[in-house]
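Chemist: Numbering (this note's numbering), first residue to last: 43 to 494. No residue lacks a Cβ here, since even glycine has one placed at the ideal position from N, Cα and C. As the structure is a computational prediction, the values presented were derived from the model and not from experiment. Please see the structure below; I have some questions.
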């Protein structure tokens, strides 16, 4: 098609963004399910806070793996979306087979490294022996899901590159229902069936089982039933090299971002258990609001890649502008709701007044900055879709570390109010959003499009 109307672009965008956002929403819901059940594990407030802190820190360590899965996701998505735009399905399948084999080979050493580093992570966070022991028990199980996590990443990336985000979403719906059942069963036990109460270990077991379940179903669909893609093991060195060339900058960016989030968690921990628990609850609540944003980011990646494959940079730019309009309206409304109902949303996870107060302060800061944040998501996704991942790396890393981490460190160094950290998060988001906007408005991004 030579051109698209606003209505046609909107339908094409939402066809990708809504299921992708729904899939991400269910990802966060699965985490929240575990948090909710763990929060009910004891009537003693201190015990409940220790379990929640252990679960939160375990997930923070798990997030470091996303730096590696990002390499696989972006490297796969950018190439397959470009091949799909070229209507070269054979090439797309070769990329899928190469990347699948690549992550299978890499998953075992990654698992061993993660097990080796996990205890040092909890020692560094220094939240007490009880929290450490609980967190290690949780991590022991979820880390067993690393091979499935990497395979699932490749499968979902390949599907979304062709514009198919519904398949993963439908699987996630069933997996979420199964996860609710497994979490309750394994955390609290069911003596009638001879199932013991595993506590936080049960949350980890459920997480691992669900990860393998989703991966298996996605693999079967790609092997036998998908209308465009067909999974066959193969290896083409040039596809792997391209994936690493595009993916490594994104992986580094994600790694630095996750490290910054971990440092922020450490800064919060320095203020005490109430502050860090409030921050973690606020982060989980915010995660639900962000899910439509991730859907729009996936749409930007896929459509920019496809339009570049079709040699239509004008359409790529037009789609980005339309995505920005749709996403800013959506996230602006959600940001307002976050500010209004922040206290009530926080009360779902805690009854401690101090924890709720700090959670609300965080939600207020991120609610105000939702529009610049979604602009960052969409424009960052567009850069990834065209393979300009080095540019994205520099913008995100320098902004976060200079304008966010450094001022936060000064706050903790001089024992300033914790509320200032939330204000810093808000201000840095506005500044980074402005930088991304300038890069696109001036056409700077076009000079960084990767040749594949």
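Got a sec? Which residues, its chain only, sit under 6 Å from residue 59 by beta carbon, not counting five neighbours each side?
Modeler: Counting only Cβ-Cβ distances below 6 Å, and skipping sequence neighbours, we find 337, 338 and 341.
Chemist: Here's a check: name, in chain order, each residue in its chain whose Cβ is nearer than 6 Å to the Cβ of residue 481, leaving out the five neighbours to either side.
Modeler: Here the set comprises 487.
Chemist: I believe residue 146 touches residue 110 by the beta-carbon criterion, under 8 Å. Please report the beta-carbon distance rounded to the nearest angstrom.
Modeler: Incorrect: roughly 14 Å between the Cβ atoms, too far for contact.
Chemist: For the alpha helix (DSSP H) that residue 118 lies in, which residues bound it at each end?
Modeler: That run of the alpha helix (DSSP H) goes 107 to 127.
Chemist: Among all the DSSP beta bridges, which residues are the ones paired with residue 403?
Modeler: According to DSSP, which records beta bridges pairwise, residue 403 is partnered with nothing at all.
Chemist: Over the uninterrupted alpha helix (DSSP H) stretch that includes residue 364, give me the two end residues.
Modeler: Counting along the chain, the alpha helix (DSSP H) containing residue 364 begins and ends at 355 to 382.
Chemist: Hey, does residue 103 have any beta-carbon neighbour from chain C nearer than 9 Å?
Modeler: Any reference to chain C falls outside this structure, which holds one protein chain only.
Chemist: Taking the straight line between their C-alpha atoms, what separation do you get for residue 460 and residue 400?
Modeler: Residue 460 and residue 400: Cα-Cα distance of roughly 8 Å.
Chemist: Could you please give me the residues that DSSP links to residue 232 through a beta bridge?
Modeler: 237, per the DSSP bridge assignment.
Chemist: For residue 243, which of 182, 232 and 199 has the nearest alpha-carbon?
Modeler: It is 182 whose Cα lies nearest to the Cα of residue 243.
Chemist: Measuring CB atoms only, is the stretch 348 to 364 touching the stretch 122 to 130, in the sense that at least three cross pairs come out at less than 8 Å?
Modeler: Because the criterion of three Cβ pairs below 8 Å is met, the stretch 348 to 364 and the stretch 122 to 130 touch.
Chemist: So, are the CB atoms of residue 307 and residue 462 less than 9 Å apart?
Modeler: Contact: no.
Chemist: Taking 8 Å as the cut-off, does the stretch 214 to 228 touch the stretch 353 to 371 (at least 3 CB pairs, one atom from each stretch)?
Modeler: Contact between the stretch 353 to 371 and the stretch 214 to 228 is absent, because fewer than three Cβ pairs lie under 8 Å.
Chemist: In this structure, does DSSP put residue 409 in helix, strand or coil?
Modeler: Helix.
Chemist: Using the Cα positions of residue 216 and residue 262, report the straight-line distance between them to the nearest angstrom.
Modeler: Rounded to the nearest angstrom, the two C-alpha atoms are 16 Å apart.
Chemist: Report, in whole angstroms, the separation of the C-beta atoms of residue 118 and residue 141, which I expect to be a contact under 8 Å.
Modeler: At roughly 5 Å, the Cβ-Cβ gap stays under 8 Å, so residue 118 and residue 141 are in contact.
Chemist: Restricting to Cα atoms, I'd like to know which of 204, 464 and 382 is closest to residue 264.
Modeler: Among 204, 464 and 382, the Cα nearest to that of residue 264 is on 204.
Chemist: Residue ranges of each alpha helix (DSSP H) run of no fewer than 4 residues wholly in the stretch 283 to 340, ordered along the chain?
Modeler: Listed in chain order, there is nothing to give.
Chemist: Using 10 angstroms around the beta-carbon of residue 346, count the other beta-carbons present and answer buried if the total reaches 16, otherwise exposed.
Modeler: Residue 346 is buried by the Cβ-count criterion.
Chemist: From the DSSP output, in three-state form, read off residue 392 for me.
Modeler: Coil, per DSSP.
Chemist: Hey, how far is the Cα of residue 89 from the Cα of residue 320?
Modeler: Their Cα atoms are separated by approximately 16 Å.
Chemist: Do residue 122 and residue 138 have their CB atoms nearer than 9 Å?
Modeler: Yes, these two residues count as a Cβ contact at 9 Å.
Chemist: By alpha-carbon positions, which one of 179, 148 and 149 ends up nearest to residue 160?
Modeler: Here the closest residue by C-alpha is 179.
Chemist: With burial defined as no fewer than 16 other Cβ atoms inside 10 Å of the residue's Cβ, what is the status of residue 438: buried or exposed?
Modeler: So residue 438 counts as buried.
Chemist: What do you get for residue 269, buried or exposed, if any count of 16 or more other CB atoms within 10 angstroms of its CB means buried?
Modeler: Burial call: exposed.
Chemist: With contact counted as at least three CB pairs below 8 Å, one residue from each stretch, are the stretch 429 to 445 and the stretch 371 to 380 in contact?
Modeler: As far as the Cβ criterion goes, the stretch 429 to 445 does not touch the stretch 371 to 380, which means the pair count is below three.
Chemist: Comparing the CB of residue 84 with every heavy atom of the ligand ATP, is any distance shorter than 8 Å?
Modeler: With respect to the ligand ATP, the structure offers nothing, as it holds no ligand at all.
Chemist: Using CA atoms only, rank isn't needed, just tell me which of 257, 235, 396 and 233 is closest to residue 209.
Modeler: The candidate whose alpha carbon is nearest that of residue 209 is 257.
Chemist: Under the three-state reduction of DSSP, which class applies to residue 65: helix, strand or coil?
Modeler: Three-state result, residue 65: helix.
Chemist: For residue 78, which option in 66, 245 and 144 has the closest C-alpha, if you only look at C-alpha atoms?
Modeler: Looking at the Cα atoms, 245 is the closest of the given residues.
Chemist: For residue 166, does the count of other Cβ atoms within 10 angstroms reach 16, so buried, or fall short, so exposed?
Modeler: The residue is exposed, with fewer than 16 neighbouring Cβ atoms inside 10 Å.
Chemist: Residue 356: buried (16+ other C-beta within 10 angstroms of its C-beta) or exposed?
Modeler: When all chains shown are included, residue 356 counts as exposed.
Chemist: If I follow the unbroken alpha helix (DSSP H) through residue 133, where does it start and stop?
Modeler: 131 to 167 is the span of the alpha helix (DSSP H), which, as asked, contains residue 133.
Chemist: According to the Cβ coordinates, are residue 120 and residue 427 closer than 9 Å?
Modeler: In contact: residue 120 and residue 427 (Cβ atoms closer than 9 Å).
Chemist: Thinking just about the alpha-carbon of each residue, which of 132, 472 and 104 is nearest to the one in residue 278?
Modeler: It is 132 whose Cα lies nearest to the Cα of residue 278.
Chemist: CA-CA distance, residue 382 and residue 394?
Modeler: When rounded, the distance between both Cα atoms is 19 Å.
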